[in-house]
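Here is the structure we will look at, set down as structure tokens.
Protein chains in written order, with my numbering: chain H, 59 to 422; chain C, 59 to 422.
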């Protein structure tokens, strides 16, 4: 993998990635001329025991672009620079202009609850230069490259000593609030292990202490043996609807062998994981013959310097639909109590997804 | 408070409540003739350490009612019975026909994850016979009656020995998935303390052990002293935007004195709490001169037989809008990481709500 780090006129960083050498002389454009002034702060929520981040300048983060202007497309008209240059590269990562977390945040307000500077980082990851593509429509080799990019970002973000957790995710579709449909995801680097991964890690740790094995690897083995909910399986990777799905079309994707983070993936595992991921994505889009919205989260070990044999790198997909034309709303019991109520069995949605025929390219 | 418990033709229970005696001879109708067959089950989510409930028969819970048919209105046409009789009563509570939890659930499936019958209860609480009203438009005396009804339901549900937690809530508005706009809420009675209240209780317990006082009472005292985020305050009750709000127009409502649950409220506290609640609701609807959607959750002590001096009865409102025409979507960082990202400061939304003038009826 080749990469090239550039600085935008407003001070933000842009990194270009490719399986091929990146041509010299590319410059990093920005839709914004003035330097960035992001100063988010954290407030402690004493009743939930968690941090909340405040970035008031985000409220008016839209601006008036020309019609058809796509800030994630390569710049074609220098009078209207986008976030990316034209040129030969495959994946691009740049600092979010309106971040919820910022490395140089400072001077949080004094309040009756504890506060802190929101010293993290928010990055945008552009999967392709093609605005009409989607993650699932990209070649498996591109998806494998993306897994390498996530590893590289995790390594770089770990370099800022205080970053405790790196979460790559993709919000896809207007149904989950996305307004920019160019294929892209995000990376949040947190100065603490956030509540959801913290809870998962605690569960994994307890299981590891009791069984001397990874909870998720054992779950994956049981799923592979049972088969009822499996969407993809090869020697190195698996995708399945978990038996405890909280969303009707939830799916998990993971390597079969123990693997703490993106950095620990070998080439064969990456290729298999890319095919597993692409399989889920193609089945999603094939289910109702239209782009299928979802949240995709990639969980890995914290970047706290410790070894985490208890945890397993994996993706969780949380799609918002419960039927073709009905969204699943999170309401009183889900958000207020934390107990998810499902109207459909995981075995049923797994069967539906199993029936979707896809044309997966041949393995290289 | 007067109440009358009736049984519907399909076996479900209906209880009518009123400040006045309820006339004899009212019969409980049902839109459904056949007996209810609800058999939800729980599956353990080993990675999150929480139960998920499955009620597959809920997926097709809509049926084809006649136009304008409102199942929560009093029955006017015996050929099309609703859930409620016509007659003199104020508030009605009945068993949800499509429950996520059921007292007689049995024989859960055997799976690779632990399973259990979903032995809880789901109730519907109709606030008024007037389909055009809203909780906030009802007289404060009706809201005070509702607080008594919630106390009565909690006491009755506690009677089923295994119920550990009773959560009254209201989902309001199409924006949070509500299709039935007759003013109503729900009550979920859980056979365990669900994750969100469990987390809150743990935080309250730790604070109580350290400070010998209630976390929420101390927060309320600090808010009252500061004043910047207060929406209502009298001798007995307070409403404010919490300094750690996770939703732009979040508000909390609570009694000022320590009070574990609805059953512990005295008449003066109930009256004050009703006025505090009505104030928030009227300010919400007044903010943009239109019905304001929200989730309203009422947290109280578990029904586990133990004393809970650490916990404080209170309501949390989670509204889905971040601006007049923009919803706040919960996406990668909120649902995937559990860190909420706010685009607006609690002080700003509190100020906006403080400026909304309302006509609160005089205290009796």
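From the three backbone atoms N, C-alpha and C, an ideal C-beta is built for every residue, glycine too.
Taking CB atoms only, residue 222/C has no neighbour in chain H less than 8 Å away. Within the region 236 to 308 of chain C, the runs of alpha helix (DSSP H) at least 4 residues long that lie entirely inside it are, in chain order, 253 to 269, 273 to 284.
Residue burial annotation: residue 339/C is buried, with at least 16 other C-beta atoms found within 10 angstroms of its C-beta. Within the region 326 to 362 of chain H, the complete beta strand (DSSP E) segments of 3 residues or longer fall at 352 to 357, listed in chain order. Contact between residue 201/H and residue 226/H does not hold, since the beta-carbon distance rounds to 13 Å and is not under 8 Å.
According to the DSSP assignment, residue 201/C belongs to the alpha helix (DSSP H) that extends over 198 to 217.
Exclusion of the five residues before and after residue 316/C leaves 272, 275 as the residues of its chain whose Cβ lies within less than 6 Å of its Cβ. Within chain H, the residues 390 have their CB atoms less than 8 Å from the CB of residue 244/C, given in chain order.
Annotation: the continuous alpha helix (DSSP H) that includes residue 413/C extends over 404 to 413. Annotation for residue 373/C: the continuous beta strand (DSSP E) segment containing it runs 372 to 376. In the structure shown, residue 228/C adopts extended strand secondary structure according to DSSP, grouped into three states.
Neighbourhood of residue 102/H in chain C, by CB distance below 7 Å: 302, in chain order.
When CB distances to chain H are screened at a threshold of 8 Å, the residues of the region 274 to 294 of chain C falling below it are 274, 277, 280, 281, 284, in chain order.
Here the alpha carbon of residue 94/H sits roughly 19 Å from the alpha carbon of residue 400/C. Cβ neighbours of residue 416/C within its own chain (closer than 7 Å, five residues either side excluded): 337, 340, 341, 344.
Annotation: residue 87/C to residue 242/C spans about 18 Å, alpha carbon to alpha carbon. In this structure residue 71/C does not touch residue 80/C by the C-beta definition: roughly 15 Å separates them, more than the 8 Å allowed. Taking the C-beta atoms as reference points, residue 294/C is found no nearer than 8 Å to residue 131/C. Cβ neighbours of residue 333/H within its own chain (closer than 6 Å, five residues either side excluded): 198. Runs of beta strand (DSSP E) with 3 or more residues, each lying fully within the region 148 to 192 of chain C, are found at 149 to 153, 173 to 175, 179 to 184, listed in chain order. Interface annotation, residue 185/C: not in contact with chain H, CB-CB separation never under 8 Å. In this structure, residue 84/C sits away from residue 63/C, with a CB-CB distance that is not shorter than 8 Å. Within a 10 Å sphere around the beta-carbon of residue 319/H sit 16 or more other beta-carbons, which makes this residue buried. In the DSSP assignment, residue 399/C falls within the unbroken beta strand (DSSP E) covering 398 to 400.
By the Cβ neighbour-count rule, residue 78/H is exposed, with fewer than 16 other Cβ atoms within 10 Å of its own. Chain order gives no chain H residues near residue 413/C, where near means a beta carbon separation below 8 Å; the closest approach is about 18 Å. Not flagged as an interface residue toward chain C: residue 149/H, since no C-beta distance is shorter than 8 Å. Contact between residue 371/H and residue 313/H holds: CB atoms are separated by about 6 Å, below the 8 Å threshold.
When 330/H, 323/H, 357/H are compared, the shortest CA-CA separation from residue 262/H is found for 357/H. Here residue 103/C has 109, 110, 171 as same chain residues with Cβ atoms under 8 Å from its own Cβ, once five neighbours each way along the sequence are excluded. Rounded to the nearest angstrom, the Cβ distance from residue 412/C to residue 215/C is 37 Å, too far for a contact under 8 Å.
Less than 8 Å separates the beta-carbon of residue 112/C from that of residue 98/C. Contact check for residue 127/C against residue 138/C passes: the beta carbons are separated by less than 8 Å. If you compare the alpha carbons of 180/C, 285/C, 385/C with that of residue 306/C, the shortest gap goes to 385/C. Judged by DSSP secondary structure, residue 61/C falls within the beta strand (DSSP E) whose first and last residues are 60 to 65. The alpha carbon of residue 349/C has as its nearest neighbour, out of 301/C, 234/C, 155/C, 373/C, the alpha carbon of 234/C.
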